[in-house]
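The structure appears below as structure tokens.
In our numbering, the protein residues as written are 1 to 394.
This is the structure in structure tokens:
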């Protein structure tokens with residue numbers, strides 16, 4: 001059986017549709033995947049049997065010289081060399097995001113293989129508020145030169161990534177949106193109206209994703225009750241657990257107690273088809289991005305989200321007209337495909353919902369077209385798998 005290594009510092013690797021389908025394509029080609037990383041929030045059943053797990057090595061920051069740290073480092077290098085080179089003869093490693101390229105780059109200095117860097121988060125040194133964490137960016141600059149192929153989502157994010165990294169001129173670039181592969185027949189078995197006891201005459205407006213301030217979710221809740229059209233029903237879904245004593249959960253519960261048109265679904269979907277079924281009766285999607293300076297993920301990385309928004313791509317694939325932020329790539333796409341509405345501030349949100357309801361069928365068709373023309377990741381993911389196979393056959 002052919003082998004490929006995959007290294008990720010993230011806990012939710014399998015919620016990324018691009019990575020999920022890459023795993024599926026590799027498994028179809030009879031690859032077994034050595035997964036180097038931490039325990040995951042969930043792993044799909046059809047994936048887990050094809051994985052071998054290795055503990056994530058190394059410290060992300062500066063190495064502190066001591067006898068025991070040197071012993072630990074030597075042991076880690078030995079185990080990696082034995083596992084990846086002697087036992088499995090790894091030809092290619094895929095790594096994810098800045099911390100991933102640092103660790104994979106360190107391994108690459110010891111073991112020769114082709115290194116594919118899948119970038120979904122872009123770090124900017126000036127946005128680090130903790131000095132010692134700036135070391136991550138310094139390390140990323142050093143180790144990015146080992147990348148033979150870079151996966152990035154769109155031209156704008158590619159330009160930003162090149163500006164902050166140190167890639168070789170001959171490194172191959174693959175632009176692949178964060179997007180699910182097409183599904184033609186979505187079951188209605190997971191009926192969101194019945195599941196959440198929503199009156200069937202209401203139009204569901206769905207927000208599905210991380211509940212951070214950059215998502216605009218706090219401001220959307222401020223539209224209740226006075227600015228919310230009562231013919232619509234807001235559903236908030238997140239697979240990450242929201243604590244009952246958090247300010248956001250308290251606010252949601254308060255509005256639900258006041259009989260506002262809101263439901264909250266705080267459970268993960270471990271199967272994409274179940275998730276698509278859950279979304280299938282939603283009428284309008286929300287994919288808003290308002291950058292802030294709270295952490296290294298929410299600044300320019302969010303400002304230039306582009307085609308790295310999995311929720312946007314999923315809504316488009318399912319034909320759900322969507323309200324997005326007025327950033328350049330969404331404005332340009334909406335002018336061409338008419339997939340929904342772009343807004344500058346949350347004050348524009350109620351009118352955007354009303355406009356989508358008025359032009360619904362045209363916008364639904366626009367969603368399908370932008371997915372087919374721009375967001376479908378299958379061809380380029382196939383090229384990545386072909387590249388990996390070429391290394392295996394050398």
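Note that beta-carbon positions come from the ideal geometry of N, C-alpha and C, so glycine has one too. Since we're looking at a predicted model, the values are computed, not measured.
Which residues DSSP lists as bridging residue 285, in chain order: What you label residue 285 is simply residue 285 of the chain shown in a count that begins at 1. According to DSSP, which records beta bridges pairwise, residue 285 is partnered with 206 and 322.
Whole-number beta carbon distance between residue 27 and residue 50, since they are thought to touch under 8 angstroms: To locate residue 50, count along the chain shown from 1; it is residue 50. To locate residue 27, count along the chain shown from 1; it is residue 27. Contact flag correct, Cβ pair sits at about 5 angstroms.
What first and last residue would you give for the beta strand (DSSP E) that runs through residue 37? Taking the first residue of the chain shown as 1, we reach residue 37 at position 37. That run of the beta strand (DSSP E) goes 31 to 37.
Mind reading off the beta-carbon distance from residue 366 to residue 337? Whole number of angstroms is fine, and I expect it under 8 angstroms. In the chain shown, the residue the question calls residue 366 occupies position 366. In the chain shown, the residue the question calls residue 337 occupies position 337. The Cβ separation is near 4 angstroms, so the contact holds.
Endpoints, the beta strand (DSSP E) within which residue 342 is located: Indexing the chain shown from 1 puts residue 342 at position 342. Segment 340 to 343, the beta strand (DSSP E) holding residue 342.
Among 21, 320 and 30, the one whose alpha carbon lies nearest that of residue 2: As a working mapping, residue 2 is identified with position 2 in the chain shown. With distances taken between Cα atoms, residue 2 lies closest to 30.
Beta-carbon proximity of residue 113 to residue 91, cut-off 8 angstroms: The residue given as residue 113 occupies position 113 in the chain shown. The residue given as residue 91 occupies position 91 in the chain shown. Contact: yes.
Mind listing, in chain order, the continuous beta strand (DSSP E) runs of no fewer than 3 residues lying wholly within the region 180 to 230? 203 to 208
Applying the 10 Å Cβ sphere with the 16-neighbour rule, what's the burial state of residue 153? As a first step, residue 153 must be located in the chain shown, where it is residue number 153. By the neighbour-count rule (16 or more Cβ atoms within 10 Å), residue 153 is buried.
Grab the span of the beta strand (DSSP E) containing residue 379 for me, first residue to last. For the purposes of this step, residue 379 is identified with residue 379 of the chain shown, where counting begins at 1. Per DSSP, residue 379 belongs to no beta strand (DSSP E); it is in the alpha helix (DSSP H), 378 to 392.
If residue 5 sits next to residue 93, beta carbons under 8 angstroms apart, how far is it from one beta carbon to the other, in whole angstroms? Here residue 5 corresponds to residue number 5 of the chain shown, with the count starting at 1. Here residue 93 corresponds to residue number 93 of the chain shown, with the count starting at 1. Confirmed, about 4 angstroms.
Between residue 369 and chain D, is any beta-carbon pair separated by less than 8 angstroms? No chain D is present in this structure, which holds just one protein chain.
Is there contact here, the region 345 to 353 with the region 306 to 315, by at least three beta-carbon pairs under 8 angstroms? no
Does the region 270 to 277 come close enough to the region 142 to 150 to have 3 or more Cβ pairs within less than 8 angstroms? no
Would you kindly work out how many angstroms separate the C-alpha atoms of residue 151 and residue 227, rounded to a whole number? Translated into the one-based positions of the chain shown, residue 151 becomes position 151. Translated into the one-based positions of the chain shown, residue 227 becomes position 227. Near 42 angstroms, if we compare the C-alpha coordinates of residue 227 and residue 151.
Mind checking residue 137: buried by the 16 CB within 10 Å criterion, or exposed? The count along the chain shown starts at 1 and reaches residue 137 at position 137. By the neighbour-count rule (16 or more Cβ atoms within 10 Å), residue 137 is buried.
In this structure, what does DSSP give as the bridge partners for residue 157? As a first step, residue 157 is located in the chain shown; it is residue number 157 there, counting from the start. Paired residues: none, contrary to the question.
For residue 210, which of 196, 181, 106 and 302 has the nearest alpha-carbon? Along the chain shown, one-based indexing puts residue 210 at 210. Closest by alpha carbon: 302.
In chain order, what are the residue ranges of uninterrupted beta strand (DSSP E) at least 3 long that sit wholly in the region 73 to 116? 92 to 96
Ordered along the chain, which non-local residues of its own chain (more than five positions away) have a Cβ less than 6 angstroms from that of residue 327? Sequence index remark: in the chain shown, residue 327 carries index 327 (1-based). So the list is empty, once near-sequence residues are dropped.
Just the Cα atoms here: how many angstroms apart are residue 124 and residue 106? Translated into the one-based positions of the chain shown, residue 124 becomes position 124. Translated into the one-based positions of the chain shown, residue 106 becomes position 106. Whole-angstrom Cα-Cα distance: 21 angstroms.
Check whether the Cβ atoms of residue 231 and residue 202 sit closer than 8 angstroms, and answer yes or no. Locating residue 231 in the chain shown gives position 231, where the first residue counts as 1. Locating residue 202 in the chain shown gives position 202, where the first residue counts as 1. Closer than 8 angstroms, so yes.
Could you check which residue in 253, 88 and 68 has the C-alpha nearest to that of residue 265? Position 265 of the chain shown, counted from the first residue, corresponds to residue 265. Checking every option, the nearest Cα to that of residue 265 belongs to 253.
Just how far apart, CA to CA, sit residue 280 and residue 22? In the chain shown, residue 280 corresponds to position 280, counting from 1. In the chain shown, residue 22 corresponds to position 22, counting from 1. One C-alpha to the other measures close to 24 angstroms.
Using only the alpha-carbon positions, how far apart do residue 38 and residue 244 sit? Locating residue 38 in the chain shown gives position 38, counting from the first residue. Locating residue 244 in the chain shown gives position 244, counting from the first residue. Rounded to the nearest angstrom, the two C-alpha atoms are 27 angstroms apart.
With hydrogens ignored, establish whether the beta-carbon of residue 55 is closer than 7 angstroms to any heavy atom of the ligand SAH. Among the components of this structure there are no ligands whatsoever, and the ligand SAH is therefore not found.
Report the rounded CA-to-CA distance for residue 172 versus residue 149, giving the unit in angstroms. Translated into positions along the chain shown, residue 172 becomes position 172. Translated into positions along the chain shown, residue 149 becomes position 149. For residue 172 and residue 149, the distance between alpha carbons rounds to 5 angstroms.
My output table needs one value for residue 175: the three-state DSSP class, helix, strand or coil. Residue mapping note: residue 175 aligns to position 175 of the chain shown, counting from 1. Strand at residue 175.
Is the separation between the beta-carbon of residue 376 and that of residue 182 shorter than 8 angstroms? Here residue 376 corresponds to residue number 376 of the chain shown, with the count starting at 1. Here residue 182 corresponds to residue number 182 of the chain shown, with the count starting at 1. Contact: yes.
The beta strand (DSSP E) spanning residue 365 covers which residue range? Locating residue 365 in the chain shown gives position 365, counting from the first residue. First-last for residue 365: 360 to 370, but that is the alpha helix (DSSP H), not the beta strand (DSSP E).
Cβ neighbour criterion (16 or more within 10 Å) applied to residue 214: Your numbering for residue 214 matches position 214 in the chain shown. Buried.
Same chain, Cβ closer than 6 angstroms to residue 287, neighbours up to 5 away in sequence not counted: For the purposes of this step, residue 287 is taken as residue 287 along the chain shown, with counting starting at 1. If we look at residue 287 and ignore the five residues flanking it on each side, its Cβ neighbours are 309, 311, 312, 322 and 324.
Residue 55 burial status per 10 Å Cβ neighbour count (16 or more: buried): Taking the first residue of the chain shown as position 1, residue 55 is located at position 55. By the 10 Å Cβ count, residue 55 comes out exposed.
State yes or no: is the C-beta of residue 164 within less than 8 angstroms of the C-beta of residue 139? What you label residue 164 is simply residue 164 of the chain shown in a count that begins at 1. What you label residue 139 is simply residue 139 of the chain shown in a count that begins at 1. Not in contact: residue 164 and residue 139 (Cβ atoms no closer than 8 angstroms).
Alpha carbon to alpha carbon, what distance is there between residue 291 and residue 157? As a position in the chain shown, residue 157 is number 157, starting the count at 1. As a position in the chain shown, residue 291 is number 291, starting the count at 1. Computed Cα separation, rounded: 15 angstroms.
What are the boundary residues of the beta strand (DSSP E) that includes residue 54? Taking the first residue of the chain shown as 1, we reach residue 54 at position 54. Segment 51 to 55, the beta strand (DSSP E) holding residue 54.
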